[in-house]
Amino acid sequence: MPKLIIEKGAGQGDTFRITDHEKLSVGRDGTNDVVLSDTLVSRRHMRIERRDDGFYIRDDGSLNGVYVNGHRVKEAKVRPGDRIKVGDCLLSFLDDSERRMSGGLIGDEIAGCRILERVGRGGMGTVYKAIQLSLERPVAIKFLASELVQDPEFIDRFLNEAKAAGRLNHRNIVQVYDCGRWENLCYYTMEFMPFGNLGGLLSGGQKLPVRTVLPMMIHVANGLVYAQKKGVVHRDIKPDNLMLGFDGIVKIGDLGIAKTLADQPTVGQADGVYGSARYMAPEQARGGDIDCRVDIYAMGATFYRALTGRPVFTGESQKEILLAHIRKDPAPVRQLQPGVPEPLDAIIMRMLKKDPDDRYSSPAEFLGQLKELARHYRHKS
0 MPKLIIEKGA GQGDTFRITD HEKLSVGRDG TNDVVLSDTL VSRRHMRIER
50 RDDGFYIRDD GSLNGVYVNG HRVKEAKVRP GDRIKVGDCL LSFLDDSERR
100 MSGGLIGDEI AGCRILERVG RGGMGTVYKA IQLSLERPVA IKFLASELVQ
150 DPEFIDRFLN EAKAAGRLNH RNIVQVYDCG RWENLCYYTM EFMPFGNLGG
200 LLSGGQKLPV RTVLPMMIHV ANGLVYAQKK GVVHRDIKPD NLMLGFDGIV
250 KIGDLGIAKT LADQPTVGQA DGVYGSARYM APEQARGGDI DCRVDIYAMG
300 ATFYRALTGR PVFTGESQKE ILLAHIRKDP APVRQLQPGV PEPLDAIIMR
350 MLKKDPDDRY SSPAEFLGQL KELARHYRHK S
């Protein structure tokens, strides 16, 4: 009996089994079997049904489409291991025999690591927890999605950027250990973060108190200061890429699409516009040249979401959201969450300025302000 697992989005971790004679409907409306509270998901988005020769997925006339393993489909046969994207939600279609600690690659030894358990999936692939045998330490190993491995140019870029990320060594950046190919797979190994990511804490519209958010912002700013010194632009700062470790530490992860400035003040996007619509700076959305200020914008959008419980902009399509980032002014943080201190509101709203010249010129410029505000807030509390 196959199952559908919500890997990312509201209801993350929920599992829905599909019986032999069942049709499983997915959408935003409460009458669906699987309800996804995401504005990019249509009220009746898709369904999965069994036929004589297997299971099929069908788009129910959604606005933003159904993607199976990165390809938009109207109707397609699905097989165990397939990734299904609807709106900003990612689901896995799995055989019931594949569990967190069995099935798939569990138990295999790859690149000197024994794979222990599957810990999640993202837009670029599947992540496992493993043990590095030589040092007997836990690591995370990420395998790129099969459709990405088909593009030799992408693989070359990915491996080059993974090597660049591996040269970064900072307490607020997830350490990349190794990268390479194994059989028909492409992977990189990295520091294992035991408590998931910020996105998990914000699932379902949750918001966090200022006393929790301020230390997180300081950690991320520290990591971005270091990345800027090393000439690296992340390009995809968002809650899912801020990893949670011991003692409340936050680390920037998933540098797979990072760009190296290579002694130039800005870098182009000839390889394509990467990033997440809800956190993307206007100049990045336009496909223009970028620098560290796109990461500052994305950081502002991330912590706007953490404090208010909602994204800076919403919409029923990716294009609508991106156009809002380009054209609209966001509501002030304090308008949605009056308990946020005015200085913190001012910092975040400056990070979200449309024109990069109106933002902070570097993370170091606002890091001191965050630290001072944190000291004041602790004393006041």
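In case it helps, numbering that gives the first Met the number 0 puts the sequence shown at residues 0 to 380.
Built from N, CA and C at the ideal position, the CB exists for glycine as well.
This structure is a prediction, so every number in the text was calculated from the model and none was measured.
| Query | Result |
| --- | --- |
| Counting only the same chain and skipping the five closest in sequence on each side, list residues whose C-beta sits under 8 Å from that of residue 1. | 16, 17, 54, 79, 92, 93, 94 and 95 |
| Measure the C-alpha to C-alpha separation of residue 5 and residue 120 and round it to an integer number of angstroms. | 10 Å |
| Just curious, the beta strand (DSSP E) that residue 45 is in, first and last residue? | 45-50 |
| Check whether the segment 231-240 and the segment 283-299 touch, using three or more Cβ-Cβ pairs below 8 Å as the test. | yes |
| Measuring from the CB of residue 116, is there a heavy atom of the ligand FAD at a distance below 6 Å? | The model on display carries no ligand, and the ligand FAD is accordingly not part of it. |
| In terms of DSSP beta bridges, what is residue 142 paired with? | 125 and 186 |
| Just how far apart, CA to CA, sit residue 343 and residue 10? | 30 Å |
| Output needed for residue 348: all residues of its chain with C-beta closer than 8 Å, excluding positions within five of it in sequence on either side, in chain order. | 299, 329, 331 and 332 |
| List the residues that DSSP assigns as beta-bridge partners of residue 301. | Answer is none; residue 301 lacks a bridge partner. |
| Hey, how far is the Cα of residue 205 from the Cα of residue 196? | 14 Å |
| Suppose the cutoff is 8 Å on Cβ atoms and the five residues either side in sequence are ignored; what does the same chain contact list for residue 262 look like? | Only weak support exists for where residue 262 lies, its pLDDT of 45 falling under 50; the coordinates are left without a value. |
| If you draw a straight line from the C-alpha of residue 103 to the C-alpha of residue 367, how long is it? | 46 Å |
| Given this structure, state the Cα-to-Cα distance separating residue 323 from residue 312, to the nearest angstrom. | 7 Å |
| Considering only residues of the same chain and omitting the five flanking positions on each side of residue 314, which have a CB-CB separation below 7 Å? | 38, 320 and 323 |
| Buried or exposed, going by whether 16 or more other CB atoms sit within 10 Å of the CB of residue 133? | exposed |
| What's the call for residue 63, buried or exposed, on a 16-neighbour Cβ count within 10 Å? | buried |
| Below 6 Å CB to CB, which residues in the same chain sit around residue 127 once its five sequence neighbours on both sides are set aside? | 114, 117 and 140 |
| Can you tell me which of the three DSSP states residue 217 falls into? | helix |
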